[in-house]
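So for the sequence shown, the working numbering puts the first residue at 15; every next one is plus one.
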Amino acid sequence: MGKHSLTFLPRDFGVKEYLPAYLNPFITDKDLITGVSFASGGAGYDPLTSKLSNVMSLSSQLEMFKQYIQKLKGNIGQEAAMNTITNSVFLVSAGTNDFLPAIFLQEIHKLGARRIVVFSTSAIGCIPIERTLAGGAQRICVEKYNKAAQVFNSMLKLQLQVLASTLPQTRIAFSDFYKPLMNIIENPEQYGLEVTNRGCCGTGELEMSYLCNKRMTRICHNNSNFFFWDSLHPTEKGSNIFVNLVLSDMMKKLF
């Protein structure tokens, strides 16, 4: 599958090529200063989402962030540590798994976060697995799912505006994932792609995650032609294209 969309952002922000996991036993003091990742794939704002996916919840990630702050203070001192945190960019992405980030954002604000990016949910009705399950024989985009995503995104954007007005000296950027994904799906040739309705792995219509491997399923030989790696996740090329579409708007809102 390659790199996830969000892993390209530290590079594009000019910070470093790769954002290491906080739990990586080999991270250095420099890694702590320049940024780490607390993310756990499949987590959501609702703890039940994380339990169902058997991954770390956002509350667990929040506790790791608190530990990180203490380590950073120990390395560079309290004043420098809080200055680093205040001037950092925090990326929050969980809307595809469930909803409503307000409480979580308030918590990281209390810990010093002042530049926060919240990603919208994407055009979930056009994800290959949803096309397969609910798109009929032709596997078309599921309109009711896309409409639900649009309604949610409108509510999320409004909620973030209200929340930002209550948090002093804080910029909360709403980053739209819906329109860029639809643009890629509807105009693949503009981005050097050929296939956007199924993944590279297996049939590309149902297989995902650990089901995509050389022993169990066929892997396409030309994954650079595909936006999706499996029935849910993009290829590395797809992720890079996607990030380039959202980055400039994100930068304008943060700085």
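The beta carbon of each residue, even a glycine, is placed where N, CA and C say it ideally should be.
- Between E221 and S238, the C-beta gap is not smaller than 8 angstroms, which leaves the two residues out of contact.
- With 16 or more other CB atoms across the displayed protein chains lying within 10 angstroms of its CB, M264 is buried.
- K266 has its alpha-carbon roughly 25 angstroms from the corresponding atom of E250.
- In the structure shown, the three-state DSSP call for V106 is strand.
- Across the set C215, L225 and G252, the C-alpha of C215 shows the shortest separation from the C-alpha of H235.
- Around I143, the same chain offers E219, L220, M222, S245 and L246 as residues with beta carbons nearer than 8 angstroms, after the five sequence neighbours per side are excluded.
- Comparing alpha carbon positions, the residue from D45, I141 and M196 closest to K30 is D45.
- DSSP places C215 in the strand class (E or B) of the three-state scheme.
- Listed in chain order, the alpha helix (DSSP H) runs fully inside the segment 132 to 177 are 142 to 148, counting runs of at least 4 residues.
- When the beta-carbon positions are compared, S51 and L33 come within less than 8 angstroms of each other.
- Only buried fits N167, as 16 or more other CB atoms lie within 10 angstroms of its CB.
- The C-beta separation of A137 from F104 comes to about 25 angstroms, leaving the pair out of contact by the 8 angstroms criterion.
- Between S189 and V131, the gap from beta carbon to beta carbon is short of 8 angstroms.
- F191 is positioned such that its CB atom lies no closer than 8 angstroms to that of V257.
- With 16 or more other CB atoms across the displayed protein chains lying within 10 angstroms of its CB, S253 is buried.
- With contacts defined as CB atoms closer than 8 angstroms, L195 and C140 qualify as a contacting pair.
- In terms of Cβ geometry, L119 and R185 do not form a close pair [threshold 8 angstroms].
- In the displayed model, F118 falls within a helix according to three-state DSSP.
- In the structure shown, P202 falls within a helical segment according to DSSP collapsed to helix, strand and coil.
- A distance below 7 angstroms between beta-carbons, with the five flanking residues on each side excluded, links I255 to the following residues of its chain, in chain order: I198 and Y205.
- The beta-carbon separation of I83 and L125, rounded to 6 angstroms, stays under the 8 angstroms limit for a contact.
- Taking the Cα positions, K85 is about 24 angstroms away from G28.
- Distance from the CA of G149 to the CA of T135, rounded to the nearest whole angstrom, comes to 19 angstroms.
- Boundaries of the alpha helix (DSSP H) harbouring A94: Q92 to T100, taken from the DSSP string.
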